[in-house]
Structures are given as structure tokens and as C-alpha cells.
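Okay, structure first, notes after.
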Amino acid sequence: MKVKKAIVPAAGLGTRFLPATKSVPKELLPIVDTPTIQYIVEEVHQAGIETVVLVTGKGKTGIVDHFDLNSELQAKLESEGKYDLARLLNEASGLVKIVSTRQQSPRGLGHAVLCAKDIVGDEPFAVLLGDDLVDAEVPCTKQMIDVYNKYGKSVVALMKVSDEDISKFGCAAGAELEPGVLDLNKMVEKPALEEAPSRYAIVGRYILTPKIFEILERQTPGKGGEIQLTDAMARLMKEEGFVGYLFKGDRYDAGDKFGFIQANIAYALKMPEIKDRLLEYMKSLVTSKL
Ligand code: UTP
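Position in the sequence shown counted from 1, then plus 1414, gives you this note's numbering.
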């Protein structure tokens, strides 16, 4: 069955980014000039998905507002001859159908996904975390849909990380089906280093079958007292099988300070009007600081 909908959980508290996130959702913090959430919705569109379900929470309605058309401002900018700005203003509106739902309190990523159950219904769907950016030639979600279409099983994006980092992520392991694709047999949320079954970290892109909703409804809180998506995926893996996919691209955790700065530099270096000046600046920094 075709993947037509994507859930974007964006109801987390963003505590790693306080005080900025006290009143501004972290998903609206810009990477140079564009909010993270816009990149996510663009990726969904480029993957051929028609509907995005934004899961928001308290103080986060600005995320949904960002995708409204602002015709008045567009007309004003056009009347002033600022056509480039007018085009940018509404670029993300109308790319895909935006639907939103609320997570009453942040009870975990698994719970956030469950909040979209009635909107998604009985069909496979994508999940993209609202603060995880993947810069790739072929959009990461498109790569994953191709894997889903080939194997007919749920797919999770994986990336190799160091010993030092594996305990910060969900971790998955399995037998290689083809280069970059694993038939998973283990999934565990934030394992201690000694218990990590591999160095493959789960990152914020998933294609899931609707069976996950049934499992999530029965899921008890796990690590951190939260309803963990990884725990539910581990059960889905046992029932239906699950594929791990080493995606091609660069991933940035924009909800983390260092990841956010990395993303800003990487995306700025892709902008011709900034690239040369930024490189000069970085060169001068390296010279003066080292
Ligand atoms: P994170 O753990 O990165 O988000 O969750 P967080 O809880 O907002 O971050 P910190 O640790 O406090 O800084 C990954 C994604 O899942 C969403 C978040 O919004 C983020 O996009 N999420 C998390 C929810 O929607 N609901 C939750 O209950 C938890």
C-alpha cells in the first residue's frame, strides 16, 4: 500500500534548547533563514507524500501557523517590488495538506505518534522527527519509501555512531540483506554501552505499518517514564519483521545546540551569497583561535 501520510511529532519540550524554547518551539528555530520544520515538510513533499500530520502541544501552534498563506504580506511585498521575498514568504504553504493534532502532555515519542492514529487510519505512514534534519541528494524519506516498497516491512533509518554516542540513541542490529539494509532482530532504546547490540543508531525517520498503533495503545512507559517508540517498534519487529536502512545523507540534530550550529554552517555553505564570506570568516577564526 502506498505511503501517503507523514506524522511529524513536534510536541516535545525542547529542554536542551532553553531558554530559547521557553516561548518559541524549537522546530521554528531557523537554520539560517528557514525554520527546521519547513525543511521537514519540504522533504515530505519531495518524497511524494500528500498529507502531513503535525503533532503539536502547549505553546506550539506557531508551527502550524507557519504553513498558512499570508496573502496580505505577499501583496505588500509585491507592491514594493520585493518579488523574491514575496516568493519565499509562502513557499512552504500548499506544498502538502497540513493537518494538526495535539498531544495533551509530552508523554513520549511513541505517545505522540499514537495521537495521530485516527487521522492516519489503516495504512502505512512515514514519521519524521520535527528537529532532525537530513540533507541528502535523494530525500531521506524517499530513500526509505523505496526500501519499504521493496521489502514490504517497516523501515527505520540508521546511522553508525561511536561507542561514546550509542547510549544517546535507540540502537538496532540485524543481518545484512544487501549493502546498507539490515533484517533487524534487536532494538533497544538508549542502551548502556555494554548492552548495545551494535553501533547503529536509530535516527528520526521511519516508515511504519499501522499495526504499530495497536502496539502503542498497549505500550507501558519505558526509559525516562516515556512511552517509547523504540519499545513499540521492537514488538512490531517480532510480529511483522523490520528493516534497518543506512540512509545516504548528512543528518543534523537541530534540537541540540551543537547539531544546530553544525546545521547552520552546513546550510549556509550551500548559499552562494554567504558561502565565500563564511569560509573566510571560519579561516580567520581557525587562524586566530589555534
Ligand atoms: P526529543 O527528545 O528530541 O525532544 O524528541 P524533546 O523532548 O522536545 O527534547 P529535549 O530533550 O527536552 O530537548 C524527538 C522528537 O519527538 C517529539 C519532539 O518534539 C521531537 O521532535 N516529541 C517528543 C513529541 O512530540 N512528544 C513527546 O512527548 C516527546
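Using N, Cα and C, we set each Cβ at its ideal position, and we do this for glycine too.
- Proximity of the stretch 1587-1607 to the stretch 1486-1501 falls short of the contact definition, fewer than three beta-carbon pairs being nearer than 8 angstroms.
- Between the stretch 1611-1621 and the stretch 1671-1685, the count of C-beta pairs closer than 8 angstroms stays below three; the two stretches do not touch.
- Short note on V1617: C-beta not closer than 7 angstroms to any heavy atom of ligand 1.
- Fewer than three Cβ pairs drawn from the stretch 1657-1672 and the stretch 1524-1542 lie within less than 8 angstroms of each other, which leaves the two stretches out of contact.
- Note on the stretch 1561-1646: whole alpha helix (DSSP H) runs with a minimum of 4 residues are 1577-1580 and 1625-1632, in chain order.
- Under the Cβ criterion (8 angstroms, minimum of three pairs), the stretch 1514-1522 counts as touching the stretch 1635-1644.
- Out of G1476, A1668, E1492 and S1612, the CA that lies nearest to the CA of I1580 is found in S1612.
- Judged by DSSP secondary structure, G1524 falls within the alpha helix (DSSP H) whose first and last residues are L1523 to L1528.
- With a cutoff of 8 angstroms on beta-carbon distance, A1668 and A1526 are scored as not near each other.
- No Cβ-Cβ contact shorter than 8 angstroms links V1455 with L1528.
- The three-state reading of DSSP puts V1510 in coil, since its state is none of H, G, I, E or B.
- Distance between L1427 and T1435, taken at the CA atoms: about 8 angstroms.
- In this structure, the beta-carbon distance from P1439 to K1472 does not fall below 8 angstroms.
- When L1487, E1486, D1545 and K1511 are compared, the shortest CA-CA separation from P1423 is found for D1545.
- Within a 10 Å sphere around the beta-carbon of V1552 sit fewer than 16 other beta-carbons, which makes this residue exposed.
- As a beta-bridge residue in DSSP terms, A1420 pairs with V1466 and A1540.
- Per DSSP, the continuous alpha helix (DSSP H) segment holding D1479 begins and ends at G1476 to D1479.
- Nearest Cα to E1441 within the set F1674, V1575, A1586 and A1615: F1674.
- Annotation: the continuous beta strand (DSSP E) that includes R1665 extends over D1664 to D1667.
- Between K1625 and the set S1485, L1607, G1584 and K1531, the nearest pair of CA atoms involves K1531.
- Going by C-alpha positions, I1533 is about 15 angstroms away from E1631.
- Judged by DSSP secondary structure, D1546 falls within the beta strand (DSSP E) whose first and last residues are D1546 to D1549.
- Taking every residue with its beta carbon within less than 5 angstroms of a heavy atom belonging to ligand 1 gives, in chain order, P1423, A1424, A1425, G1426, L1427, G1428, T1429, R1430, P1520, G1522, L1523, A1526, L1543, G1544, D1545 and G1669.
- Distance between E1609 and G1588, taken at the CA atoms: about 15 angstroms.
- Counting C-beta atoms within 10 angstroms of its own C-beta, P1433 has fewer than 16 neighbours from the protein chains shown and is therefore classed as exposed.
- Contact check for D1479 and G1663: beta-carbon distance about 29 angstroms, past the 8 angstroms limit, so the pair fails to qualify.
- Less than 8 angstroms separates the beta-carbon of V1417 from that of I1559.
- Note: I1445 is bridge-paired with T1448 in the DSSP secondary-structure output.
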